[in-house]
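Counting in the working numbering, the sequence shown runs from 18 upward without gaps.
Backbone N, C-alpha and C fix where the C-beta goes; we use that ideal spot for every residue, glycine too.
This structure is a prediction, so every number in the text was calculated from the model and none was measured.
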Amino acid sequence: MSKEDELDTIMPSGVAIYGKTNAKKGRKAPEQLLFERAINAAWLAHQRGFPIEPQTVYEQDRSLSVPVLTQLLATPKFRTALEARGIPAEVPVGITAEQAYALTVMTDQSLALDPFQRLKKLGISWAQWQGWLKQPMFARIYGKTSEDLLKSSVPAALTALANRAQAGNNDAIKYLLAITGYYDPSAKGQTAEYERVISAMIDAVEKHVEDPEALKKISTAVSEAASRWNVPLAVEAEIVED
Numbered sequence: 018m019s020k021e022d023e024l025d026t027i028m029p030s031g032v033a034i035y036g037k038t039n040a041k042k043g044r045k046a047p048e049q050l051l052f053e054r055a056i057n058a059a060w061l062a063h064q065r066g067f068p069i070e071p072q073t074v075y076e077q078d079r080s081l082s083v084p085v086l087t088q089l090l091a092t093p094k095f096r097t098a099l100e101a102r103g104i105p106a107e108v109p110v111g112i113t114a115e116q117a118y119a120l121t122v123m124t125d126q127s128l129a130l131d132p133f134q135r136l137k138k139l140g141i142s143w144a145q146w147q148g149w150l151k152q153p154m155f156a157r158i159y160g161k162t163s164e165d166l167l168k169s170s171v172p173a174a175l176t177a178l179a180n181r182a183q184a185g186n187n188d189a190i191k192y193l194l195a196i197t198g199y200y201d202p203s204a205k206g207q208t209a210e211y212e213r214v215i216s217a218m219i220d221a222v223e224k225h226v227e228d229p230e231a232l233k234k235i236s237t238a239v240s241e242a243a244s245r246w247n248v249p250l251a252v253e254a255e256i257v258e259d
């Protein structure tokens, strides 16, 4: 039987001799090795933000087993050892005060800091933050808070876009027209349709307007408008003077 198999067969009731060593052989008893290994795994789980549960402790040290850890975590001695190391033995209902404060800082839009800088400010490691994000309750609250922030930012973003468009920013104007449905830059053939409409309009003007000077002015105005909106003319109007 290997040492790992031997440790897995030890029942938590034998942990009462924790701290003792086999004086005859000068080495720690198997029960103590199991206890210390489980404590170390629990400490790693706590550092990474996981609740102290058999499965999360097992994931830190797979030489242990979930059934043994389930029984071990229920012993008063193990719980006392956890608390002595600042590790809460109870699985918190909801989120902790530390997690609630971290959410406030991580979602504060007034802070000009990236996520890593915010975590450093909080004194929370990246591994611990990732561990918290794997906790269903914490992840759900964080996701809902982020969604609410996104929704509340839309009016401010639209106001900023409108201000830039009113100031004459061409890109802002195009985007504003696109999101309001007045202009679809992805529509196939839209430019060609604009060209045909403009050409038909020029042909109609040439057909029904006899004054050459008026025709020149109309042609110039249309060309300037097309240039301003980046719509090329398919056909240039030809003004024939008498």
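With distances taken from CA atoms, which of the options is nearest residue i?
| i | options | result |
| --- | --- | --- |
| S216 | A98, V226, S236 and T92 | S236 |
| T113 | F67, P71, E48 and G198 | F67 |
| S170 | Q64, W146, D125 and V74 | D125 |
| A101 | A59, E115, V74 and S80 | A59 |
| M154 | Q116, I141, N186 and A129 | Q116 |
| Y75 | K191, L51, A98 and N187 | L51 |
| S142 | S127, H63 and D228 | H63 |
| T73 | D220, P132 and Q152 | Q152 |
| Y118 | E223, L193, T197 and Y159 | Y159 |
Flag this pair as yes or no: are the beta carbons of residue i and residue j separated by less than 7 Å?
| i | j | result |
| --- | --- | --- |
| L150 | A156 | yes |
| A189 | A182 | yes |
| L61 | Q49 | no |
| R65 | G148 | yes |
| V226 | L232 | yes |
Mind checking which residues open and close the alpha helix (DSSP H) that includes residue i?
| i | result |
| --- | --- |
| V83 | V83 to L89 |
| L128 | Element bounds for L128: n/a, residue is neither H nor E. |
| T73 | P71 to Q77 |
| R102 | That residue, R102, is in no alpha helix (DSSP H); it is neither H nor E in DSSP. |
| K151 | Looking at the DSSP string, K151 is not in any alpha helix (DSSP H), and its letter there is neither H nor E. |
| A55 | P47 to Q64 |
| T113 | Neither: T113 is in no alpha helix (DSSP H) and is coded neither H nor E. |
| D228 | That residue, D228, is in no alpha helix (DSSP H); it is neither H nor E in DSSP. |
| N186 | From DSSP, N186 is part of no alpha helix (DSSP H); its letter is neither H nor E. |
So residue i and residue j are supposed to be a Cβ contact under 8 Å. How far apart are they, rounded?
| i | j | result |
| --- | --- | --- |
| T162 | L120 | 6 Å |
| L90 | I104 | Wrong, their Cβ atoms sit about 11 Å apart, outside the cutoff. |
May I ask you to check if the CB of residue i is nearer than 6 Å to at least one heavy atom of the ligand FMN?
| i | result |
| --- | --- |
| S169 | Absence of the ligand FMN from the depicted structure is noted, as is the absence of any ligand whatsoever, leaving it without description. |
query: At a cut of 8 Å, does the region 85 to 96 reach the region 49 to 56 through at least three beta carbon pairs?
result: Cβ pair count under 8 Å is three or more, so yes.
field: Stretch pair the region 168 to 179 + the region 134 to 142: three plus CB contacts closer than 8 Å
entry: Contact between the region 168 to 179 and the region 134 to 142 is absent, because fewer than three Cβ pairs lie under 8 Å.
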